[in-house]
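Here's the structure we're looking at; comments come further down.
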């Protein structure tokens, strides 16, 4: 299993600003993922962040809006840029080891006003 | 286009009875299926999984059934307990997808004492 710490756990931000969410894992892991859960919706994959390469974004998500860093095998950040109320969501970091299930952080609840 | 569907947004069950949560999928490339449970303000936690080469997997009170021909899986919880009240997400992984999860929209299970 993995212990995943996400910071902040929640934040209220002004529109037009940016927020960086941190994800720290207690062990080295190759694959890290960032998901979004909009109110009343399912979890949607934003991007896959593997160490040593550029993040791979899913359809509908772009690097300018959601830049991701993956400086080492235990840490990643997701930035939500130029925020609007539509960005209000829960953002979740996830890790996966080969042939095991994915583990999730507790999430960051973002409200944009 | 939702590739993983949970058509029941909510389900209420009496304590001690069986809870059955259903999930349908459309992508024939999915070969691994998982169920996650999510409490408010927490990240999803893994419950149970099943490979496409099996039709049943059991772990304590939780059993997952897979019907590949119908592209349908279900999670049975018996006996249901009030602590099982949570949102349950069905998720799927397709071969070669680097273990990215595609989630259903979730079912809110309420177990009544």
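Chains as they are written, first to last, in the working numbering: chain H, 147 to 259; chain Z, 16 to 128.
Ideal Cβ placement from N, Cα and C applies to all residues, glycine included.
Just so it is clear, the structure is predicted and the values come from calculations on it, not from any experiment.
Say whether chain H places a C-beta atom closer than 9 Å to the C-beta of residue i.
i                      : result
residue 80 of chain Z  : no
residue 56 of chain Z  : yes
residue 117 of chain Z : yes
residue 104 of chain Z : yes
residue 64 of chain Z  : yes
Locate the beta strand (DSSP E) running through residue i, then write down its first and last residues.
i                      : result
residue 210 of chain H : It is not in any beta strand (DSSP E) - residue 210 of chain H carries neither H nor E in the DSSP assignment.
residue 152 of chain H : 150–153
residue 201 of chain H : Taken as a continuous stretch (DSSP letters only), residue 201 of chain H belongs to no beta strand (DSSP E), as it is neither H nor E.
residue 49 of chain Z  : 45–53
residue 226 of chain H : 221–226
residue 88 of chain Z  : 87–92
residue 233 of chain H : Unbroken run through residue 233 of chain H: none, as it is neither H nor E.
Going along chain Z in order, which residues have a C-beta closer than 8 Å to the C-beta of residue i?
i                      : result
residue 252 of chain H : 56, 57 and 58
Roughly how many angstroms lie between the CA atoms of residue i and residue j, to the nearest whole one?
i                      : j                      : result
residue 72 of chain Z  : residue 24 of chain Z  : 24 Å
residue 122 of chain Z : residue 38 of chain Z  : 10 Å
residue 77 of chain Z  : residue 97 of chain Z  : 15 Å
residue 159 of chain H : residue 258 of chain H : 5 Å
residue 221 of chain H : residue 243 of chain H : 15 Å
residue 150 of chain H : residue 69 of chain Z  : 30 Å
Shorter than 9 Å from the beta carbon of residue i to some beta carbon of chain Z?
i                      : result
residue 234 of chain H : no
residue 194 of chain H : yes
residue 207 of chain H : no
residue 158 of chain H : no
Can the beta-carbon of residue i be found closer than 9 Å to that of residue j?
i                      : j                      : result
residue 50 of chain Z  : residue 33 of chain Z  : no
residue 105 of chain Z : residue 28 of chain Z  : no
residue 48 of chain Z  : residue 67 of chain Z  : yes
residue 216 of chain H : residue 196 of chain H : yes
residue 99 of chain Z  : residue 52 of chain Z  : yes
residue 230 of chain H : residue 161 of chain H : yes
Report the neighbours of residue i on chain H: residues whose CB is nearer than 8 Å to its CB, in chain order.
i                     : result
residue 61 of chain Z : 247, 248 and 249
For residue i, which residues in chain H fall below 9 Å Cβ to Cβ?
i                     : result
residue 67 of chain Z : Chain H residues near residue 67 of chain Z: none, gap ~14 Å exceeds 9 Å.
residue 49 of chain Z : 247 and 248
Note down, in chain order, every chain H residue with its Cβ under 7 Å from the Cβ of residue i.
i                      : result
residue 121 of chain Z : 188
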